[in-house]
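Just so you know, the sequence shown maps onto residues 1204 to 1421 in this note's numbering.
Don't be surprised by glycine CBs; every beta carbon is placed ideally from N, CA and C.
None of these values were measured; they are calculated from a predicted model.
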Amino acid sequence: MRKVFLSAAALAATISGAFAQEEHPTEGAETSAPRPEEAGGLIAFARDLRKTKGCAQAAPAYRVLAGMGEGQEGAQHELGECLLLMEGASEAETRLFRQEGAFWLTRAAYAGNARAQRKLAMEMASPAGALHNPKGSLEWSLIYGKNPSAELYGYGPLPGTLVPGLKSSLSETDIAEAEKFADEFVPITLPKFEGPEREEGSKRGEREKSERRRRGRR
């Protein structure tokens, strides 16, 4: 009977330890996450990966940056570009890449990034493009044309035939709605990521270690 009790106690301790590992991050996990002030080095790292190894290798680094929000619209734009080029292991994964690419390009475009606005205008205008949407192309073409940073940070003016060609293919209602969208456009940025203070994070880590030790003694 004593052996059965000890075996049950050992099993309970093992299960308790397993749950403790699931409930708490591994030691050092918090400090390994990139911090906002490290974004400059990370964008250089992502761009180097894209140049030397391709978009598939660079995308994870770009995702970290894109998720940092305001101030990282360049990374959002570059991630979106990559995702429109990447091929997945299946058709379903490729579709997911295209959807994610459209999301990040749109996020950057809404934040006022001229390059993302231009990219959307061109991709949506192309019948062969994954984002083909003539009305959407007209919307972003008009917004890009009004963006004061377009010539400075963008890729130059759109082809002169683009807007007239789009208008000739759209209904008067679609044209009016696109023009209204451009006239009423107000930038929307993704909230900026603010990491915890290093001292605060360190104290929290110590509290978690102490709690794990306390649970282990039960």
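- Separation of the CB atoms of residue 1334 and residue 1342 is rounded to 12 Å, and the pair is thereby denied contact status at 8 Å.
- In this structure, residue 1324 sits near residue 1361, with a CB-CB distance shorter than 9 Å.
- Only exposed fits residue 1331, as fewer than 16 other CB atoms lie within 10 angstroms of its CB.
- In the three-state DSSP reduction, residue 1391 falls in the coil class, being neither helix nor strand.
- Nearest C-alpha to residue 1355 among 1257, 1309 and 1316: 1316.
- Pairing residue 1346 with residue 1396 gives a Cβ-Cβ distance that is not under 9 Å.
- With respect to the 9 Å criterion, residue 1319 and residue 1276 are classified as neighbours on the basis of their beta carbons.
- Taking 9 Å as the cut-off, the Cβ atoms of residue 1303 and residue 1393 do not count as close.
- The Cβ-Cβ distance between residue 1289 and residue 1278 does not fall below 9 Å.
- Residue 1283 places its beta carbon less than 9 Å from that of residue 1308.
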